[in-house]
Amino acid sequence: MAELQFPSILGAFQQGNRFGTEQRLLRQDEQKESSFNKLASLAYGSQGQERQSALGQLAGIDAGKTLDLEKGLQGSDDARTKSLVNAAKLLTTAPEQQRAHLYQQMKPDLARLGLQLPEQYDETVAQTAQAITQAYSNQAGTGVQSTYIDDKGQRIAILRDGSTQVLGNNAPNNQIIDTGNGFFGVNKGNLQAAPVQVGGQQAPASQGDPQASQQNRGPGSLDINADLQQFASLGIPVTSTRRSQAKNDSVDGVRNSFHLTGEAVDMAPQNPQQKQQARQFWEGKGYQVIDEGDHLHAEPPARGMTVSQIGGGQQLRSAPKPQAPTELERRMQLAQGMNASPAELRALVMGNASTKGPSAAEQKDALARKAKQPQVANAARGLTRIENAVKALRGGLVNTGPIDQYATRYTKAGQELEAAVGGIQNSLLSLTRVPGIGSQSDLEARIANMQYPSLDKDPEVNARTVKNLKAFIADLQEAYKLADAPVADDSEAGSDIDSLLDLYK
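Under the numbering used here, think of the first position of the sequence shown as 32, with each following residue one higher.
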């Protein structure tokens, strides 16, 4: 006789409850999405308090999406304002007889911004364009973001729109002059133009010579906005100018990049002829041009240098601070003042002869370097891991680059590259902060500007970055070897001291 099967009432209840819960959550998500879309449309079509109210309601639904939406709205508003201001500037600066024709050409683009425009150019349009130009010019002039002192001793204001304005000489009674041959001079009280002796020739420092000022402009005195307007006539694409700190970090920009102050420009020439044109244009304006492989980068000469100094000319900068005497020099001066005999002089300079071996500080530094030796080997292994990850990406369907990065990020090889780069950075940073290795040295300066391979970089750029990384790690390994090399014996050290002491007999 077959066994009777009774349905599980509890199981059926639980299954029905789960299904009901899933359907309810699905409807809630659909309602939230619908409400978000409606409020987003309202935010796009409104301004001022009405938009802020809509954004506040959106944040209550999805804070993350609202933040992205707000950034998009701000970017759209900025672009709209920029287009309007540029149009107003064109109308106010164009010759009177051409303004009506220019207005007819601009009107379709302005209408797409949602503006109600008169059919024909008239006095009302002219007055409105003039008012817009003055309003935004005044706004730029009063919005001072920060100031700095350039290499000529002038205080420069960075305005909120990215432009700069010279406020005057920071110390009007003092001017440090580098003559170009290793000697510095101070011009006090009178800063009028005067010939300066440079390399055996009279170098006129005429303030009224535009050619001379063009050749000796430094950071802060270059007018990149005017130069960009002229550069636009060449038709070469500009890919980057001013960057925020967050954007600079995301593209692995150097810490003190000129992009942060809007003084640098990246461009993407389409052929060798355009590359040559771009280089000649920016170098002719006084900029330093760097070929980054996939693009050209133009920036002012390094802070504290002028363009002419790069080519062997002269510059204005602060005089070097006098260095304190070394311990050996201090002891020799002390011994001289005491009229010491040669034997006493040697004892004062070299100390107790019975004291041999490294000092306590030297022993401490040596122990610190020894403790870091495993990280040196770990950095070398990390470099091998990065090289293997870069090679693995070359054989796949996608590689690195501005477009491929979005697909590569989800591949095993892409994730391996990101993990390898993240694993090596801290090791390299800690290795360059060991006394006798990187502290206040060339290695410490290089690690501050170190670039690492990344998914958003072109494969050729990543290949060059790996090459530079290999050279840095090789130099780091060599620095550790030299720091722990045995010191010369006492007889050699003694003969060096004796020859030095002979100068003071």
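Idealized CB from N, CA, C, for every residue including glycine.
Whole runs of the alpha helix (DSSP H) within the stretch 76-161, excluding any shorter than 4 residues: Within the stretch 76-161, the complete alpha helix (DSSP H) runs of at least 4 residues are 79-92, 94-124, 130-142.
R274, buried or exposed, once every other Cβ within 10 Å from all chains shown has been counted against 16: Numbered from its first residue, the sequence shown carries residue 274 at position 243. With 16 or more other Cβ atoms within 10 Å, it is buried.
Identity of the residue in Q311, F312, L448 nearest V497 by Cα: The count along the sequence shown starts at 1 and reaches residue 497 at position 466. Nearest option by C-alpha distance: L448.
Beta-ladder partner(s) of T442, from DSSP: Locating residue 442 in the sequence shown gives position 411, counting from the first residue. None, per the DSSP bridge assignment.
Span of the beta strand (DSSP E), counted from its first residue to its last, around S327: Residue numbering aside, residue 327 sits at position 296 when the sequence shown is read from its first letter. Note that residue 327 is Leu in the sequence shown here, rather than Ser. Annotation for L327: the continuous beta strand (DSSP E) segment containing it runs 327-330.
Closest Cα partner of L459 within the set G445, Q482, Q304: By one-based count along the sequence shown, residue 459 stands at place 428. That would be Q482, whose Cα lies nearest to the Cα of L459.
C-beta atoms of A295 and E330 nearer than 9 angstroms: What you label residue 295 is simply residue 264 of the sequence shown in a count that begins at 1. What you label residue 330 is simply residue 299 of the sequence shown in a count that begins at 1. Taking the C-beta atoms as reference points, E330 is found nearer than 9 angstroms to A295.
Contact belief for I255 with A309 at Cβ below 8 angstroms, rounded distance in angstroms: By one-based count along the sequence shown, residue 255 stands at place 224. By one-based count along the sequence shown, residue 309 stands at place 278. The Cβ separation is near 14 angstroms, so there is no contact.
Beta-carbon spacing of A119, A160 below 9 angstroms: Along the sequence shown, one-based indexing puts residue 119 at 88. Along the sequence shown, one-based indexing puts residue 160 at 129. Yes. Within cutoff.
Secondary structure of Y179, DSSP reduced to three states: Indexing the sequence shown from 1 puts residue 179 at position 148. It is a strand residue.
Local Cβ density within 10 Å of P250, reported as buried at 16 or more and exposed below that: Residue numbering aside, residue 250 sits at position 219 when the sequence shown is read from its first letter. Only weak support exists for where P250 lies, its pLDDT of 47 falling under 50; the value from the coordinates is given anyway. With 16 or more other CB atoms across the displayed protein chains lying within 10 angstroms of its CB, P250 is buried.
The stretch 146-165 in contact with the stretch 120-132 per 3-pair CB rule at 8 angstroms: Taking 8 angstroms as the limit for Cβ pairs, the verdict is that the stretch 120-132 does touch the stretch 146-165.
For Q307, the first and last residue of its enclosing alpha helix (DSSP H): Within the sequence shown, numbered from 1, the residue matching residue 307 stands at position 276. Where Q307 is concerned, the enclosing alpha helix (DSSP H) stretches over 303-315.
Between the CA atoms of A74 and N68 - distance to the nearest angstrom: Translated into positions along the sequence shown, residue 68 becomes position 37. Translated into positions along the sequence shown, residue 74 becomes position 43. N68 and A74: Cα-Cα distance of roughly 10 angstroms.
Residues that DSSP places opposite S271 in a beta bridge: If you number the sequence shown from 1, residue 271 lands on position 240. D297.
Coil, strand or helix - S470 by DSSP: What you label residue 470 is simply residue 439 of the sequence shown in a count that begins at 1. Any reading at S470 must be qualified, since the residue scores a pLDDT of 48, below 50, and its modelled position is unreliable; no value is offered.
Local Cβ density within 10 Å of P332, reported as buried at 16 or more and exposed below that: Your numbering for residue 332 matches position 301 in the sequence shown. Buried is the call here.
Cβ-Cβ separation, L507 to V407 (assumed contact under 8 angstroms), whole Å: Against the sequence shown, residue 407 aligns to sequence position 376. Against the sequence shown, residue 507 aligns to sequence position 476. So it is a contact: roughly 7 angstroms between Cβ atoms.
Alpha carbon of R416 to alpha carbon of A510, nearest angstrom: Start at 1 with the first residue of the sequence shown, and residue 416 comes out as number 385. Start at 1 with the first residue of the sequence shown, and residue 510 comes out as number 479. Just so you know, the alpha carbons of R416 and A510 end up roughly 23 angstroms apart.
Range of the contiguous alpha helix (DSSP H) that encloses Q260: Along the sequence shown, read from residue 1 onward, the residue named residue 260 stands at position 229. Start and end: 255-262.
Cutoff 9 angstroms: V156 Cβ touching any chain C Cβ: The displayed structure is made up of one protein chain only, and chain C is not part of it.
Paired residues, beta bridge with Q319 - DSSP: Here residue 319 refers to the residue found at position 288 of the sequence shown. Per DSSP, E330.
Contact belief for D489 with G432 at Cβ below 8 angstroms, rounded distance in angstroms: Taking the first residue of the sequence shown as 1, we reach residue 489 at position 458. Taking the first residue of the sequence shown as 1, we reach residue 432 at position 401. Right, the Cβ-Cβ distance comes to about 5 angstroms (below 8 angstroms), so this counts as a contact.
Sequence-distant residues of its chain with Cβ nearer than 8 angstroms to R130 (five each side left out): Taking the first residue of the sequence shown as position 1, residue 130 is located at position 99. Excluding sequence positions up to five before and after R130, its CB lies within less than 8 angstroms of the CB of L122, Y152, A157, all in the same chain and listed in chain order.
Closest Cα partner of L104 within the set L86, A166, E323: Mapped onto the sequence shown, residue 104 falls at position 73. When L86, A166, E323 are compared, the shortest CA-CA separation from L104 is found for L86.
A410, buried or exposed, once every other Cβ within 10 Å from all chains shown has been counted against 16: Walking along the sequence shown from the start, residue 410 turns up at place 379. Counting Cβ neighbours within 10 Å, A410 comes out buried, since at least 16 surround it.
Simplified DSSP state of I434, which is helix, strand or coil: Locating residue 434 in the sequence shown gives position 403, counting from the first residue. Correct three-state label for I434: coil.
Contacts around T357, its chain only, beta-carbon distance under 7 angstroms, and the 5 residues preceding and following it disregarded: Residue mapping note: residue 357 aligns to position 326 of the sequence shown, counting from 1. No residues qualify anywhere along the chain.
Buried versus exposed, by CB contacts within 10 Å (16 or more), K102: Residue numbering aside, residue 102 sits at position 71 when the sequence shown is read from its first letter. Under a 10 Å Cβ-count criterion, K102 is classified as exposed, with fewer than 16 other Cβ atoms of the shown protein chains found around its own Cβ.
Proximal residues to T155 (C-beta, below 8 angstroms), its chain only, five neighbours per side dropped: By 1-based counting over the sequence shown, the position of residue 155 is 124. In the same chain as T155, and ignoring 5 residues on each side of it, the C-beta atoms closer than 8 angstroms to its own belong to P149, in chain order.
Distance between G79 and S66 (C-alpha atoms, nearest Å): Locating residue 66 in the sequence shown gives position 35, counting from the first residue. Locating residue 79 in the sequence shown gives position 48, counting from the first residue. Cα to Cα, S66 sits roughly 21 angstroms from G79.
For L459, the three-state DSSP class (helix, strand or coil): Here residue 459 corresponds to residue number 428 of the sequence shown, with the count starting at 1. Three-state DSSP puts L459 in a helix.
Whether L115 touches A71 by CB criterion (9 angstroms): As a first step, residue 115 must be located in the sequence shown, where it is residue number 84. As a first step, residue 71 must be located in the sequence shown, where it is residue number 40. A71 is positioned such that its CB atom lies no closer than 9 angstroms to that of L115.
Short Cβ contact (9 angstroms threshold) for G324 with E53: On the sequence shown, residue 324 is found 293 positions in, with the first residue counted as 1. On the sequence shown, residue 53 is found 22 positions in, with the first residue counted as 1. For G324 and E53, no; Cβs fall outside 9 angstroms.
Q233 burial status per 10 Å Cβ neighbour count (16 or more: buried): Translated into the one-based positions of the sequence shown, residue 233 becomes position 202. With a pLDDT of only 42 at Q233, under 50, the local geometry of the prediction cannot be trusted, and no value is derived from it.
Best match in L291, V269, S288 for proximity to Q301 [C-alpha to C-alpha]: Taking the sequence shown and counting its residues from 1, the one referred to as residue 301 is at position 270. Of the listed residues, the one whose Cα sits closest to Q301 is V269.
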